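Residue numbers (the numbering used here): 3 to 451.
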């Protein structure tokens, strides 16, 4: 999470001290042996993961009601140490003690009636229309592959015969699976997980995520350094005037006219107050006033969102928006009350993680772009406050867009997301990427806030 006009920080730059960096353990293999074995084992897990994806897709649960989904995913995982968090979420750890790399899967679905027509479609009024079923299945595949290789490492350490493919495969860095609730709802599940302290207790030193993205072609992945998603904060503007008969506007203070002028004036913040190089969006989504066509109401309420790709400009945007609303309302003889509810912060990718993951994906034949950014928001951004983080976007073959009732990536998307998560995990692992330098001990909060 960085200001797009400033320093990106990352593993190799920063100011605030972090806990001790990842160090190879006595059973960590250096380089290709662990990496190639994990990739091969992951591919063996994909058929079961694709079947799990369909099962999860058929029985979605909306934010706050993810309990059955959590149970099914935990049943699919190969054991691990489970710590429940954020109500209907959990962390599951695989591997030994010490610093770990974490991957996220979102548990919740959207309150959308599905119209895909497949025989495994949801029929309960909820839908995995944002790909969370795919993400969860991919996370399970990676965890199962990791657990299988870790078991082989333990068997080898004990002098037992390897149970599968021959050759030395030693234990890699621990993997923490974050099963997050309420990505689509409020309060944010990621925020609750971060503030609970569980990531510190699990010694998470890097956080990896991957999200299906239909604006990218199948076979294309985005590993963009720096800011990739905007902050998103919800506002409510209440303009109070004085009501009266529609025939006598001079005897009233019309809040409808005032709020209309607030809506227009607020757009000037984008074109005249914001740096032209910093993406900023002010959107009014609802306007409500009055109950009768021949009466001027006493109050008008407008709601919407403020978005920006700069953490530094975010706070100034709040102040400037409030001032515009108050001053414009005052010019019309009205009073404006502005409430801003902070939402997701800027989602910024650690630049070193992005480069490492992108390099691995290219080596495996994927087309990698570093250009995809949007003013959408994702609460994955909160994880950057406690560890270097990386969110990748994975191209999928589907005509419908995210949050559409027709959205349905094909089964191959499970493998694509799993490959992205694997690349992120390997890029954050000292046994395959080299040691993280001591200058990397910087949290996103110190880089941005």
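No residue lacks a Cβ here, since even glycine has one placed at the ideal position from N, Cα and C. Everything numeric in this text was worked out from a predicted model, so none of it was measured.
Would you mind giving the Cβ-Cβ distance between residue 91 and residue 183, rounded to the nearest angstrom? I have them listed as a contact below 8 Å.
Translated into positions along the chain shown, residue 91 becomes position 89. Translated into positions along the chain shown, residue 183 becomes position 181. So it is a contact: roughly 4 Å between Cβ atoms.
Who are the near neighbours of residue 376 in its chain, counting only those whose CB is closer than 8 Å to its CB and skipping five residues on each side?
In the chain shown, the residue the question calls residue 376 occupies position 374. Excluding positions up to five away in sequence, the list reads 230, 231 and 232.
Quick one: what's residue 290 bridged to in DSSP?
In the chain shown, the residue the question calls residue 290 occupies position 288. DSSP lists 303 as partners of residue 290.
If we ignore side chains and look at the alpha-carbon of each, how far apart do residue 431 and residue 228 end up?
To locate residue 431, count along the chain shown from 1; it is residue 429. To locate residue 228, count along the chain shown from 1; it is residue 226. CA-to-CA, the gap between residue 431 and residue 228 works out to about 20 Å.
Euclidean distance between Cα positions of residue 113 and residue 157
Locating residue 113 in the chain shown gives position 111, where the first residue counts as 1. Locating residue 157 in the chain shown gives position 155, where the first residue counts as 1. Cα-Cα distance, rounded: 46 Å.
With a cut-off of 8 Å on the beta carbons, I'd call residue 286 and residue 265 a contact; round off their distance for me.
The residue you call residue 286 lines up with position 284 of the chain shown. The residue you call residue 265 lines up with position 263 of the chain shown. At roughly 5 Å, the Cβ-Cβ gap stays under 8 Å, so residue 286 and residue 265 are in contact.
For residue 93 versus residue 178, is the C-beta spacing smaller than 8 Å?
If you number the chain shown from 1, residue 93 lands on position 91. If you number the chain shown from 1, residue 178 lands on position 176. Yes, the Cβ-Cβ distance between residue 93 and residue 178 is below 8 Å.
Determine the direct distance from the alpha carbon of residue 371 to that of residue 412, and round the result to whole angstroms.
For the purposes of this step, residue 412 is taken as the residue at position 410 of the chain shown. For the purposes of this step, residue 371 is taken as the residue at position 369 of the chain shown. For residue 412 and residue 371, the distance between alpha carbons rounds to 22 Å.
Among the residues of its own chain, which have a CB less than 7 Å from the CB of residue 68, if the five just before and after it don't count?
As a first step, residue 68 must be located in the chain shown, where it is residue number 66. Here the set comprises 90, 109, 110 and 183.
What does residue 237 pair with, by DSSP beta-bridge criteria?
For this step, residue 237 is matched to residue 235 along the chain shown. For residue 237, which the question treats as bridged, DSSP gives the partners 306 and 342.
Anyone know if the C-beta pair for residue 247 and residue 294 falls short of 8 Å?
Translated into the one-based positions of the chain shown, residue 247 becomes position 245. Translated into the one-based positions of the chain shown, residue 294 becomes position 292. Contact flag unset, no.
Looking at the structure shown, is residue 100 part of a helix, part of a strand, or coil, going by DSSP?
For the purposes of this step, residue 100 is taken as residue 98 along the chain shown, with counting starting at 1. Coil.
If you count every other CB in all the chains shown that lies within 10 Å of the CB of residue 313, and 16 or more means buried, which is it?
Locating residue 313 in the chain shown gives position 311, counting from the first residue. Taking every protein chain shown into account, the CB of residue 313 has 16 or more other CB atoms within 10 angstroms, so this residue is buried.
Which of the three DSSP states, helix, strand or coil, is assigned to residue 263?
In the chain shown, residue 263 corresponds to position 261, counting from 1. In this structure, residue 263 counts as helix in the three-state DSSP scheme.
Burial state of residue 392 (16 or more Cβ within 10 Å)
Walking along the chain shown from the start, residue 392 turns up at place 390. It is buried - the Cβ of residue 392 has at least 16 other Cβ atoms within 10 Å.
Nearest CA to the CA of residue 234: which residue from 308, 270 and 212?
Taking the first residue of the chain shown as position 1, residue 234 is located at position 232. When only C-alpha atoms are compared, the closest one is 308.
Got a sec, what are the start and stop residues for the alpha helix (DSSP H) residue 429 sits in?
Indexing the chain shown from 1 puts residue 429 at position 427. Start and end: 414-429.
Let's test the definition: count the other Cβ atoms within 10 Å of the Cβ of residue 120 and tell me whether it reaches 16, buried, or not, exposed.
Residue mapping note: residue 120 aligns to position 118 of the chain shown, counting from 1. By the neighbour-count rule (16 or more Cβ atoms within 10 Å), residue 120 is not buried but exposed.
Who are residue 382's beta bridge partners in DSSP?
Residue 382 sits at position 380 when you count from the first residue of the chain shown. Residue 382 pairs with nothing; no bridge assigned.
Residue 85 bridges to which residues according to DSSP?
Here residue 85 is taken as the residue at index 83 of the chain shown, counted from 1. DSSP output for residue 85 lists 93 as bridge partner(s).
For residue 212, collect the residues of the same chain with a Cβ closer than 6 Å to its Cβ; drop the 5 residues on either side in sequence, then sort them by chain order.
Translated into the one-based positions of the chain shown, residue 212 becomes position 210. 394, 396, 419, 422 and 423.
Look at residue 340 and residue 180 and say whether their C-beta atoms are less than 8 Å apart.
Within the chain shown, the letter at position 338 stands for residue 340. Within the chain shown, the letter at position 178 stands for residue 180. Going by C-beta atoms, residue 340 is not nearer than 8 Å to residue 180.
Pick helix, strand or coil for residue 366, following the three-state DSSP scheme.
Looking up residue 366 in the chain shown gives position 364. DSSP places residue 366 in coil when its eight states are reduced to three.
Which of the three DSSP states is assigned to residue 296 in this structure?
Position 294 of the chain shown, counted from the first residue, corresponds to residue 296. Reduced to three states, the DSSP call for residue 296 is coil.
Check whether the Cβ atoms of residue 322 and residue 275 lie closer than 8 Å to each other.
Within the chain shown, the letter at position 320 stands for residue 322. Within the chain shown, the letter at position 273 stands for residue 275. Taking 8 Å as the Cβ cut-off, residue 322 and residue 275 qualify as a contacting pair.
In the DSSP assignment, the beta strand (DSSP E) including residue 210 goes from what residue to what residue?
Walking along the chain shown from the start, residue 210 turns up at place 208. It spans 206-215 - the beta strand (DSSP E) in which residue 210 sits, taken as one unbroken run.
Whole angstroms is fine: what's the gap from residue 50's alpha carbon to residue 268's?
For the purposes of this step, residue 50 is identified with residue 48 of the chain shown, where counting begins at 1. For the purposes of this step, residue 268 is identified with residue 266 of the chain shown, where counting begins at 1. Linking residue 50 to residue 268 through their CA atoms gives a straight-line distance of about 51 Å.
Do three or more CB pairs link the segment 59-76 to the segment 143-157 at distances below 8 Å?
Here the segment 59-76 does not lie against the segment 143-157, with fewer than 3 beta-carbon pairs under 8 Å apart.
Beta-bridge pairing of residue 283 - partner residues as DSSP gives them:
Here residue 283 is taken as the residue at index 281 of the chain shown, counted from 1. Residue 283 is bridged to 309.
Please classify residue 253 as buried or exposed, where buried requires at least 16 neighbouring CB atoms within 10 angstroms.
Residue 253 sits at position 251 when you count from the first residue of the chain shown. Flag for residue 253 reads exposed.
Taking the C-alpha atoms as reference points, what is the distance between residue 174 and residue 36?
Taking the first residue of the chain shown as 1, we reach residue 174 at position 172. Taking the first residue of the chain shown as 1, we reach residue 36 at position 34. One C-alpha to the other measures close to 7 Å.
Distance, residue 408 Cα to residue 26 Cα:
Numbered from its first residue, the chain shown carries residue 26 at position 24. Numbered from its first residue, the chain shown carries residue 408 at position 406. Residue placement at residue 26 is flagged as unreliable, the pLDDT there being 33, under the threshold of 50; the coordinate-derived value follows with that caveat. Going from the Cα of residue 26 to the Cα of residue 408 covers about 46 Å.
For residue 124, the three-state DSSP class (helix, strand or coil):
Along the chain shown, read from residue 1 onward, the residue named residue 124 stands at position 122. Secondary structure of residue 124 (DSSP, three-state): coil.
Assigned secondary structure, residue 406 (DSSP; H/G/I helix, E/B strand, else coil)
The residue given as residue 406 occupies position 404 in the chain shown. Coil, per DSSP.
Based on DSSP bridge pairs, tell me the residues matched to residue 242.
Position 240 of the chain shown, counted from the start, is the residue given in the question as residue 242. According to DSSP, residue 242 bridges with 301 and 337.
Residue 428, buried or exposed, once every other Cβ within 10 Å from all chains shown has been counted against 16
Residue mapping note: residue 428 aligns to position 426 of the chain shown, counting from 1. Answer is buried; the Cβ neighbour count reaches 16.
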